[in-house]
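Student: Line by line, the protein sequences give chains D and V. For the first sequence, position 155 matches number 155 in the UniProt record's numbering, and the numbering has no gaps at all. For the second sequence, position 155 matches number 155 in the UniProt record's numbering, and the numbering has no gaps at all.
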Amino acid sequence: MNGPQDLGGRHGFGPVVPEAETTRFHADWEKRVLGVTLACGALGHWNIDSSRHARESLPPAIYYNASYYEIWLRALSDLLERAGEIGADELAAGHAMRPGLRSDRRLAPADVAGVLARGGPADRPGPAPAFAVGDRVRTRNHQPAGHTRLPGYARGHVGRITAMHGAHIFPDRHAHAPDEDPKPLYTVQFDAAELYGAGADPTLTVSIEAWEPYLEHADA
Amino acid sequence: MHDHPHDHGHDHDNEMDEMTARARALETILVEKGLVDPAAVDAIIETYEHQVGPRNGAAVVARAWTDPDFADWLRRDATAAISSMGFVGRQGEHMIAVFNTPEQHNMIVCTLCSCYPWPVLGLPPTWYKAPAYRSRAVREPRAVLAEFGVTLPQDRKIHVWDSTAEVRYLVIPERPAGTEGMDAEALAALVTRDSMIGCGQPSRPEGGAA
Numbered sequence: 001m002n003g004p005q006d007l008g009g010r011h012g013f014g015p016v017v018p019e020a021e022t023t024r025f026h027a028d029w030e031k032r033v034l035g036v037t038l039a040c041g042a043l044g045h046w047n048i049d050s051s052r053h054a055r056e057s058l059p060p061a062i063y064y065n066a067s068y069y070e071i072w073l074r075a076l077s078d079l080l081e082r083a084g085e086i087g088a089d090e091l092a093a094g095h096a097m098r099p100g101l102r103s104d105r106r107l108a109p110a111d112v113a114g115v116l117a118r119g120g121p122a123d124r125p126g127p128a129p130a131f132a133v134g135d136r137v138r139t140r141n142h143q144p145a146g147h148t149r150l151p152g153y154a155r156g157h158v159g160r161i162t163a164m165h166g167a168h169i170f171p172d173r174h175a176h177a178p179d180e181d182p183k184p185l186y187t188v189q190f191d192a193a194e195l196y197g198a199g200a201d202p203t204l205t206v207s208i209e210a211w212e213p214y215l216e217h218a219d220a
Numbered sequence: 001m002h003d004h005p006h007d008h009g010h011d012h013d014n015e016m017d018e019m020t021a022r023a024r025a026l027e028t029i030l031v032e033k034g035l036v037d038p039a040a041v042d043a044i045i046e047t048y049e050h051q052v053g054p055r056n057g058a059a060v061v062a063r064a065w066t067d068p069d070f071a072d073w074l075r076r077d078a079t080a081a082i083s084s085m086g087f088v089g090r091q092g093e094h095m096i097a098v099f100n101t102p103e104q105h106n107m108i109v110c111t112l113c114s115c116y117p118w119p120v121l122g123l124p125p126t127w128y129k130a131p132a133y134r135s136r137a138v139r140e141p142r143a144v145l146a147e148f149g150v151t152l153p154q155d156r157k158i159h160v161w162d163s164t165a166e167v168r169y170l171v172i173p174e175r176p177a178g179t180e181g182m183d184a185e186a187l188a189a190l191v192t193r194d195s196m197i198g199c200g201q202p203s204r205p206e207g208g209a210a
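(1) Could you check the C-alpha separation between Leu173/D and Asp181/D for me, to the nearest Å?
(2) Please name the residue, chosen from Gly41/D, Tyr69/D and Thr23/D, that lies closest to Met19/V on a Cα-to-Cα basis.
(3) Flag this pair as yes or no: are the beta carbons of Val61/V and Val191/V separated by less than 7 Å?
(4) Who are the Cβ neighbours of His94/V in its own chain at under 7 Å, not counting the five residues just before and after it?
(5) Using a beta-carbon distance cut-off of less than 9 Å, what residues from the region 80-94 of chain D approach chain V?
(6) Pro171/D: buried (16+ other C-beta within 10 angstroms of its C-beta) or exposed?
(7) Determine whether the Cβ of Gly34/V lies closer than 7 Å to any Cβ atom of chain D.
(8) Whole angstroms is fine: what's the gap from His10/V's alpha carbon to Phe25/D's?
(9) Do Gly92/V and Phe148/V have their CB atoms nearer than 7 Å?
(10) My assumption, with CB atoms under 8 Å, is that Ile45/V sits in contact with Gly35/D. Please give the rounded CB distance.
(11) Of all the residues that make up the region 166-181 of chain V, which are near chain D by a beta-carbon distance shorter than 8 Å?
(12) Ignore the nearest five residues each way along the sequence and tell me which others in Asn106/V's own chain have a CB closer than 7 Å to its CB.
(13) Determine the chain D residues that contact Ile45/V at a beta-carbon separation under 8 Å, and present them in chain order.
(14) Could you tell me if Arg118/D is buried or exposed, where buried requires 16 or more neighbouring beta carbons within 10 angstroms of its beta carbon?
(15) Ignore the nearest five residues each way along the sequence and tell me which others in Thr148/D's own chain have a CB closer than 6 Å to its CB.
(16) Helix, strand or coil: which one does DSSP assign to Gly166/D?
(17) When burial is assigned at 16 or more other CB atoms within 10 Å of the CB, is Ser203/V buried or exposed?
(18) Following the continuous alpha helix (DSSP H) through Trp127/V, name the residue where it begins and the one where it ends.
(19) Glu103/V by DSSP, collapsed to three states: which one?
(20) For Arg149/D, return the contacting residues in chain V, with the cut-off set at a CB-CB distance below 8 Å.
(21) Give the single residue among Pro129/D, Pro127/D, Val158/D and Ala132/D whose Cα lies nearest to the Cα of Arg140/D.
(22) Counting only the same chain and skipping the five closest in sequence on each side, list residues whose C-beta sits under 7 Å from that of Thr111/V.
(23) Along the beta strand (DSSP E) that carries Thr139/D, what are the first and last residues, could you check?
(24) When you compare each of Glu49/V, Ala40/V and Ala71/V to Thr23/D by their alpha carbons, which one comes out closest?
(25) So with CB distances below 8 Å, who are the chain D contacts of Ile158/V?
(26) How about the region 24-41 of chain V and the region 87-102 of chain D: do they share at least three Cβ pairs that are nearer than 8 Å?
(27) How far does the beta strand (DSSP E) with Pro184/D in it reach, from first residue to last?
(28) Quick one, are the C-beta atoms of Ala167/D and Pro184/D less than 7 Å apart?
(29) Taking only three categories from DSSP, how would you classify Asp37/V?
(30) Determine the extent of the alpha helix (DSSP H) in which Asp72/V is found, giving its start and end residues.
(31) Using DSSP's beta-bridge definition, name the partner residues of Tyr116/V.
(32) Ordered along the chain, which non-local residues of its own chain (more than five positions away) have a Cβ less than 7 Å from that of Tyr153/D?
(33) Excluding sequence positions up to five away, which residues of its chain have a Cβ less than 8 Å from the Cβ of Arg105/D?
(34) Do you know offhand how far Arg98/D's Cα is from Ile108/V's?
(35) Can you have a look at Val16/D and say buried or exposed, based on whether 16 or more other CB atoms are within 10 angstroms of its CB?
(36) On the three-state DSSP scale, how would you describe Ile161/D?
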């Protein structure tokens with residue numbers, strides 16, 4: 001979606017503010033939001049793609065005014081409401097009024113280390129790739145209203161495939177359906193002038209990961 | 001949950017700031033519903049506050065500097081090479097190591113959200129998740145680097161890797177001059193988090209030329 005998350009190449013967001021390596025959190029609530037968000041993943045109501053989509057679906061004015069942990073908290077609340085696990089009445093009251101639907105799947109403290117260590121690999125058996133390393137490809141003018149991982153700055157541009165990663169879960173589909181729909185995944189490299197025109201840094205190369213449906217042969 | 005005499009609704013808890021109140025209200029509801037065990041939340045926080053952080057990545061970099069076979073393995077299959085050191089799991093399932101050279105500098109970004117290699121670098125710093133870095137890293141990396149106090153030669157190529165899928169990148173910075181006699185442990189102490197994102201350089205050895 002052409003939402004507030006799609007930031008690459010945009011102007012006007014000001015300077016970067018470096019931060020000490022020893023700073024992990026800025027307040028206790030950030031820690032709780034991190035932990036509660038990851039713990040709720042165990043309930044199985046959503047996947048990483050649908051949770052990203054919940055964050056980017058926040059209204060732009062809210063998204064740009066929120067810290068990242070606030071974005072997480074708002075999206076978590078939305079995901080839980082959509083799953084039927086919490087209601088607006090409970091959020092207003094600050095207390096539960098009904099039992100949870102999937103309390104049988106609650107993450108146990110003893111399982112935390114295993115869950116974090118296992119992670120969620122995204123590679124899957126899938127279709128054979130249509131492109132090869134070295135191919136010139138053009139990214140499609142792909143602008144779905146739903147979730148996508150093709151950033152706006154890299155749409156409709158010619159690049160070169162520099163790596164292949166096998167087939168990975170296709171987020172455009174997986175964010176909206178349980179279907180993983182694996183597609184070949186590539187690294188595509190662009191010259192900055194191709195992306196930004198005259199005046200682009202001549203020493204700059206940018207690469208993205210792109211699923212096959214984002215790409216066509218450059219000569220097509 | 002009613003162990004607090006005036007705990008009669010988060011919007012009356014006026015000694016709490018708004019975000020604390022909202023986070024606490026949501027956790028309270030989830031705990032009361034049996035959906036979240038606060039001890040599991042504590043264990044997750046403990047993991048990322050005290051166990052998983054950029055010292056993991058620094059150990060990977062220092063080993064790459066001192067062990068050519070390991071460096072080759074990192075180039076060929078970073079996921080396997082890194083997992084052999086015990087750094088595995090969430091947000092590090094598919095790893096690629098990119099090596100800085102005298103010809104090319106590498107920088108990592110996620111323009112669309114906050115994708116970051118957690119097992120080797122821990123949680124991302126605030127700036128990595130903020131619009132300024134995400135918008136500018138792919139377009140004017142030299143200006144961004146200047147804000148970190150880093151100046152590269154004008155002819156140095158820069159490759160910015162936008163993490164748009166589940167592939168995660170680790171920058172292997174160049175080994176600083178004057179470190180020839182140092183072992184991996186001493187070298188790891190020179191490797192900064194920002195240098196493994198491509199927004200800094202390793203520290204100089206003590207007593208070395210600046």
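From the three backbone atoms N, C-alpha and C, an ideal C-beta is built for every residue, glycine too. Computed from a predicted model, the values in this text were never measured in an experiment.
Tutor: Let's see:
(1) Correcting the residue type first, residue 173/D is Arg in the shown sequence and not Leu. Those two C-alpha atoms are separated by around 7 Å.
(2) Tyr69/D
(3) yes
(4) Cβ neighbours of His94/V beyond the five flanking positions: Thr79, Glu166, Val167 and Arg168.
(5) Leu80, Glu85, Ile86, Glu90, Leu91, Ala92, Ala93 and Gly94
(6) buried
(7) yes
(8) Its pLDDT being 45, under 50, His10/V is placed unreliably in this model, and the value from its coordinates should be taken loosely. Their Cα atoms are separated by approximately 23 Å.
(9) At least 7 Å separates the beta-carbon of Gly92/V from that of Phe148/V.
(10) 5 Å
(11) Glu166 and Val167
(12) Taken in chain order, the residues that qualify are Val98, Asn100, His159, Trp161, Val171 and Gly198.
(13) Lys31, Arg32, Leu34 and Gly35
(14) exposed
(15) Asp172
(16) strand
(17) With fewer than 16 Cβ atoms within 10 Å of its Cβ, Ser203/V is classed as exposed.
(18) Thr126 to Lys129 is the span of the alpha helix (DSSP H), which, as asked, contains Trp127/V.
(19) coil
(20) Leu112, Thr164 and Ala165, listed in chain order.
(21) Of Pro129/D, Pro127/D, Val158/D and Ala132/D, the residue nearest in Cα terms is Val158/D.
(22) Arg134, Val138 and Asp162
(23) Arg136 to Thr139
(24) It is Glu49/V whose Cα lies nearest to the Cα of Thr23/D.
(25) Asp201, Thr203, Leu204 and Thr205
(26) Between the region 24-41 of chain V and the region 87-102 of chain D, the count of Cβ pairs shorter than 8 Å is three or higher; the stretches touch.
(27) Lys183 to Asp191
(28) For the 7 Å CB-CB criterion, Ala167/D and Pro184/D form a contact.
(29) In the structure shown, Asp37/V adopts coil according to DSSP, grouped into three states.
(30) Segment Pro68 to Arg76, the alpha helix (DSSP H) holding Asp72/V.
(31) DSSP, once it has assigned bridges, lists no residue as partnering Tyr116/V.
(32) Gly8, Gly9 and Leu195
(33) In the same chain as Arg105/D, and ignoring 5 residues on each side of it, the C-beta atoms closer than 8 Å to its own belong to Ala42, Leu43 and Gly44, in chain order.
(34) Approximately 44 Å, taken between the alpha carbons.
(35) buried
(36) Reduced to three states, the DSSP call for Ile161/D is strand.
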